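The numbering of the sequence shown is full-length UniProt numbering, which starts it at 50 and goes up by one. Glycine included, every Cβ here is placed at the ideal spot set by N, Cα and C. All values derive from a computational prediction rather than experimental measurement.
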Amino acid sequence: AHWDGNSSELPAPFAPLDLPAPEEYFKRKIALITGITGQDGSYLTELLLEKATLSMDQHERPNKFHLHYGDLTDSTALVFLMARILPTEVYNLGAQSHVKVSFSLAEYTADVDAIGTLRLLDAIRTCGLTKHCRFYQASTSELYGLVQEVPQSETTPFYPRSPYGVAKLYAYWITVNYREAYGMYAVNGILFNHESPRRGRTFVTRKARIITRAVAEIHENKQACLWLGNLEAQRDWGHARDYVEGMWLMLQGQGIDPKKSSDVPGDFVLATGETHPVQGASNSPGLEVESTEEARDVKTGKVVVKVDPQYFRPAEVELLLGDPAKAERVMGWKRKVKFDELVKEMVEADLDAVRNFVEDQN
Ligand code: NDP
Ligand code: GDR
């Protein structure tokens, strides 16, 4: 039995809001996304807007997107936004998402990524919305950390290896706990690495793109060598556009084939089922990786990549390879973009930028 939200024996939601009747409430489909300015937030927004506006008169379309200021460290702001927006779906994508940075900003990372998730869940509860909105938590393959099993699935034990991973472990379990304690439709998407031309510039594929960009710029005599860290780590890289589709599916419950699933919230791995070494991801047209120490531009013979230990992590996650079987079976999710296509799209975006002298905004 789940707590009905009214019993005085348990911590009550604070002032109950004057909510619309359920039929009216659910007629409005409103998603609240934290971290909307990030890579995933931007793709998810495009996906939801596309779904929302397909059947809509073109004059109604411009009002479908509203940007609100907020911060996962600010409970009051979260409660205020929740009460004002009354969402039907909440996607918690906001985070200090850089693993290496989390070693320098461990407390801040815990505050945003772990306690921030609790704050958001409690904002939902405070406003009496536990049965009114579905909650998606951006969990991560970093939970697996030190290899316990390959490939990694929903049943693989967690062993995080960074303050980021540990913070996300708390967020994972508090999401499960609110589902079990309060009967919330709250789910974890355990997503393996996903990239795109919008990836932040300090993540390795983005730096690898910069290698390509570096190759182009070296031809133009604009840039020298690029420094990277551990080239031997292996990652399961997919395209962010495919993964935000999976996030949305997780909140729809029925998936695309109602016969294969039920409307029960659950946690899902999204992955490609392939892994590549960082060194492999650095391979790009015009580039030759000769050793784990350096890579050369084929035409000029110049070394364009070198290893700098400052990019090593105090504890590393060496091998990630996900098993997306559950998502495929239950939700009919399947990644569409292959690794080579992902690399090509990212590389072309940078080559275009170099050719057109476009200043990079990401
Ligand atoms: P990004 O780093 O691109 O985006 C992070 C977002 O979080 C930004 O919009 C950022 O806003 C926002 N943010 C940072 N601090 C706060 C805060 N204190 N309060 C509110 N918002 C904040 O991440 P991605 O889009 O790549 O990832 C989205 C989520 O998915 C993250 O939670 C990440 O940890 C997780 N994840 C990502 C994977 C990946 O491969 N991309 C894989 C698995 C999980 P601002 O720019 O204003 O700081
Ligand atoms: P990750 O991604 O840590 O997996 O986290 P990142 O691209 O930062 O690193 C991947 C691997 O590449 C190695 N590496 C380097 N990494 C960076 N950033 N810079 C370098 O110069 C470099 N050289 C080698 C790393 O050591 C690592 O092994 C991402 C984030 O999006 C998280 O938020 C998310 O949870 C996980 O993916 C799944």
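Specify, as a first and last residue, the run of the beta strand (DSSP E) that residue i falls within.
i    : result
Q186 : 183 to 189
I need the DSSP call for residue i, collapsed to helix, strand or coil.
i    : result
T251 : coil
I173 : helix
E397 : helix
N405 : coil
Q359 : helix
E244 : strand
T166 : helix
S310 : The pLDDT assigned to S310 is 49, lower than 50, so where the model puts this residue is not dependable; a value taken from the coordinates is nonetheless given after this. Coil.
Y74  : helix
P69  : coil
I305 : Its pLDDT being 44, under 50, I305 is placed unreliably by the model, and nothing is read from it.
R384 : coil
M105 : coil
Y193 : coil
V392 : helix
A61  : Unreliable placement is indicated for A61, whose pLDDT of 49 sits below 50; the coordinate value is still reported in the next sentence. A61 falls in the coil class under three-state DSSP.
V379 : helix
A364 : coil
K180 : coil
Which residues share a DSSP beta bridge with residue i?
i    : result
K149 : In DSSP, K149 forms no bridge with anything.
A126 : Note: A126 sits in no beta bridge, so no partner.
L275 : V354
I82  : Y140
I239 : S188, V318
G371 : Q201
R284 : H325
Take residue i as the anchor and find which of the options has the nearest alpha-carbon.
i    : options                : result
P212 : R404, Y157, R250       : Y157
V293 : I239, A282, L280, R255 : I239
A364 : T324, G287, A282, R290 : A282
P246 : G87, A80, L81          : G87
Q328 : V215, L277, L170       : L277
D372 : D389, D399, V352, E323 : E323
A374 : T102, R384, H181, K78  : R384
S91  : Y140, R77, T102        : Y140
L369 : A159, R77, K78, P209   : P209
L142 : A289, V354, V379       : A289
F361 : E198, T137, S151       : S151
Quick check: does the Cβ of residue i come within less than 7 Å of any heavy atom belonging to the ligand GDR?
i    : result
S146 : yes
Y92  : no
E203 : no
T189 : yes
V352 : no
F241 : yes
Y227 : no
F75  : no
Looking at the unbroken alpha helix (DSSP H) that takes in residue i, where does it start and where does it end?
i    : result
E323 : From DSSP, E323 is part of no alpha helix (DSSP H); its letter is neither H nor E.
I223 : 212 to 231
T158 : 155 to 158
V293 : 289 to 301
K100 : 88 to 102
Should residue i be counted as a contact of the ligand NDP given a C-beta to heavy atom distance under 7 Å?
i    : result
L142 : yes
D171 : no
L121 : yes
Q283 : no
I85  : yes
Taking 7 Å as the cut-off, is the CB of residue i close to at least one heavy atom of the ligand ATP?
i    : result
E365 : Ligands present in the displayed structure are limited to the ligand NDP and the ligand GDR, and the ligand ATP is not among them.
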